[in-house]
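First up is the structure itself, then whatever we jot down about it.
Numbering (this note's numbering), first residue to last: 35 to 425.
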């Protein structure tokens, strides 16, 4: 997948774009209203699904993690002599993307490069971010004045994968040691790669468009990318170790099919098959989001305790030096100065595209303006209209 590579350009700033999360009990329901906007879900129902935030003081860890990542990116950029400020904007909570774009323009920035905290291909993890920017540019009147490009989906970039290789290997050592200490040396251990479940229809649309009807394993780029990553990790950690891909954090109407198996169901099946210990690898996440701390460190861990399974959860990349350096490498793929020509990838699926085909990862709720798409002028500025002053 070496096509649709964009020529390097000059940028004024980096936009770190993320999901956002509440920072206090009073923020929880307004935040959930933002997440579910347009679906007509009453506050009573939102309160029912807010328990994981309520149990954590109404605070999502994602904001503090993004602040730490922003600081780490700034430090890595400075260490390489790259003079690019890092801005931060969210889809569902302050600082909101539209306000950040307006502030960027008012500060004199004219061309931004967006780096998202979601690495795989699907509507919610890729196209929706491109729509977030397209809608924000349109609503603020900045379309045609402020250019915004997007870094490619980086699911198999070494900077993302290698921290998981280290973490998975260390977790396996811990689980095997705990089993040995309990007199169960050599007992079966299973590695579960966990990621966010999404609706099956969205999974099947991931990475596809009418212009390029690609064929993916299990009929989904989202699934195929995870499987390819897991295979690459286990090839380095222990090629003979059994592993599987499982899903978590399902939401939405019960009658709508989502990707399965759920991690808790999979744990029960493995326990019944004689597995004694489990390593859970949060392969779908760059840092310890609420879905990691609650769905894995709380619920999955409790399931393991009930089933008599030894549990260990591998760390997310977070601010791991290799991850931060890898993100800056991705930035330098797109910049004129400090340019990195080679597109690093650890699976046969990558490197992924700089720009997407029309209709890729379709929005089944209706078409919206989106940047970084073949044929779209959203987020572009005519030559000479934007005076970029950075790299």
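All C-beta atoms, glycine included, are put in the ideal place defined by N, C-alpha and C.
Item to complete: On the DSSP bridge assignment, give the partners of residue 282 in chain order.
Response: Counted from its first residue, the chain shown places residue 282 at position 248. DSSP output for residue 282 lists 230 as bridge partner(s).
Item to complete: May I have the straight-line CA-CA distance separating residue 132 from residue 323, to the nearest angstrom?
Response: As a working mapping, residue 132 is identified with position 98 in the chain shown. As a working mapping, residue 323 is identified with position 289 in the chain shown. When rounded, the distance between both Cα atoms is 23 Å.
Discussion item. Assuming residue 297 is part of the alpha helix (DSSP H), what are its boundary residues?
Written reply: Walking along the chain shown from the start, residue 297 turns up at place 263. Residue 297 -> alpha helix (DSSP H) spans 297 to 306.
Worksheet item: Are the region 190 to 207 and the region 315 to 322 in contact at 8 Å, needing three or more beta carbon pairs?
Response: yes
Item to complete: To the nearest angstrom, report how far apart residue 406 and residue 311 are at their CA atoms.
Response: Your numbering for residue 406 matches position 372 in the chain shown. Your numbering for residue 311 matches position 277 in the chain shown. Between residue 406 and residue 311, the C-alpha separation is close to 44 Å.
Worksheet item: What are the start and end residues of the alpha helix (DSSP H) that includes residue 363?
Response: Position 329 of the chain shown, counted from the start, is the residue given in the question as residue 363. Element bounds for residue 363: 355 to 366.
Fill in: Alpha carbon of residue 49 to alpha carbon of residue 122, nearest angstrom
Within the chain shown, numbered from 1, the residue matching residue 49 stands at position 15. Within the chain shown, numbered from 1, the residue matching residue 122 stands at position 88. Taking the straight line joining both Cα atoms gives about 6 Å.
Discussion item. What does the Cβ neighbour count give for residue 420, buried or exposed, with the cut at 16 atoms within 10 Å?
Written reply: Here residue 420 is taken as the residue at index 386 of the chain shown, counted from 1. Reliability fails at residue 420, whose pLDDT of 48 lies under 50, so the model's placement of it is uncertain and the value that follows must be treated cautiously. By the neighbour-count rule (16 or more Cβ atoms within 10 Å), residue 420 is buried.
Discussion item. Using CA atoms only, rank isn't needed, just tell me which of 91, 128, 87 is closest to residue 100.
Written reply: Start at 1 with the first residue of the chain shown, and residue 100 comes out as number 66. The candidate whose alpha carbon is nearest that of residue 100 is 128.
Practice prompt. Would you kindly work out how many angstroms separate the C-alpha atoms of residue 298 and residue 45, rounded to a whole number?
Written response: What you label residue 298 is simply residue 264 of the chain shown in a count that begins at 1. What you label residue 45 is simply residue 11 of the chain shown in a count that begins at 1. The straight-line gap from Cα to Cα measures roughly 45 Å.
Worksheet entry | N- and C-terminal bounds of the alpha helix (DSSP H) containing residue 21 | In the structure as shown, the chain begins at 35 and stops at 425. Residue 21 is therefore absent and cannot be evaluated.
Discussion item. According to DSSP, simplified to helix, strand and coil, what is residue 120?
Written reply: Taking the first residue of the chain shown as position 1, residue 120 is located at position 86. In the structure shown, residue 120 sits in a strand (DSSP, three-state: E or B).
Fill in: residue 380 - DSSP class collapsed to helix/strand/coil
Residue 380 sits at position 346 when you count from the first residue of the chain shown. Residue 380 falls in the coil class under three-state DSSP.
Fill in: Nearest-angstrom Cα separation, counted from residue 106 out to residue 188
By one-based count along the chain shown, residue 188 stands at place 154. By one-based count along the chain shown, residue 106 stands at place 72. Answer to the nearest angstrom: the Cα atoms are 18 Å apart.
Discussion item. Can you tell me whether residue 275 is buried or exposed? The criterion is at least 16 other CB atoms within 10 Å of its CB, across all chains shown.
Written reply: The count along the chain shown starts at 1 and reaches residue 275 at position 241. That one is exposed.
Item to complete: Write down the C-beta distance between residue 114 and residue 372 rounded to the nearest angstrom, noting that I regard them as a contact closer than 8 Å.
Response: In the chain shown, the residue the question calls residue 114 occupies position 80. In the chain shown, the residue the question calls residue 372 occupies position 338. Rounded, the Cβ-Cβ distance is 6 Å, consistent with contact.
Worksheet item: residue 202: which of 85, 103, 228 sits nearest, CA to CA?
Response: Position 168 of the chain shown holds residue 202. Ranking the options by Cα distance to residue 202, first place goes to 228.
Worksheet entry | residue 412 burial status per 10 Å Cβ neighbour count (16 or more: buried) | The sequence position of residue 412 within the chain shown is 378, counting from 1. Buried, since its Cβ has 16 or more Cβ neighbours within 10 Å.
Worksheet item: Between the region 223 to 237 and the region 372 to 384, are three or more C-beta pairs nearer than 8 Å?
Response: no
Worksheet item: Is the CB of residue 346 under 7 Å away from at least one CB in chain C?
Response: The structure shown contains no chain C, having only a single protein chain.
Worksheet item: Near residue 375, which residues of its chain fall below 7 Å by C-beta distance, leaving aside the five closest residues on each side in sequence?
Response: What you label residue 375 is simply residue 341 of the chain shown in a count that begins at 1. Here the set comprises nothing.
Item to complete: For residue 398, count neighbouring Cβ atoms within 10 angstroms of its own Cβ and tell me buried if that reaches 16, exposed if not.
Response: In the chain shown, residue 398 corresponds to position 364, counting from 1. Exposed, by the Cβ-count rule.
Discussion item. Given this structure, state the Cα-to-Cα distance separating residue 441 from residue 288, to the nearest angstrom.
Written reply: Past the edges of the chain, shown from 35 to 425, lies residue 441, and the structure says nothing about it.
Discussion item. My output table needs one value for residue 48: the three-state DSSP class, helix, strand or coil.
Written reply: Within the chain shown, numbered from 1, the residue matching residue 48 stands at position 14. If DSSP states are grouped into helix, strand and coil, residue 48 belongs with the strands.
Practice prompt. Excluding the 5 residues preceding and the 5 following residue 394 in the sequence, name in chain order all residues of the same chain whose CB lies nearer than 7 Å to its CB.
Written response: One-based indexing of the chain shown puts residue 394 at position 360. Counting only Cβ-Cβ distances below 7 Å, and skipping sequence neighbours, we find 161, 241, 242, 243.
Discussion item. If you reduce the DSSP assignment to three classes, tell me which class residue 160 lands in.
Written reply: As a first step, residue 160 must be located in the chain shown, where it is residue number 126. Helix.
Item to complete: Grab the span of the beta strand (DSSP E) containing residue 13 for me, first residue to last.
Response: Given a span of 35 to 425 for the chain in the structure shown, any question on residue 13 remains unanswerable.
Worksheet item: Considering only residues of the same chain and omitting the five flanking positions on each side of residue 408, which have a CB-CB separation below 8 Å?
Response: Here residue 408 refers to the residue found at position 374 of the chain shown. Once the five neighbours on either side are set aside, the close Cβ partners of residue 408 are 38, 245, 389, 390, 391, 392.
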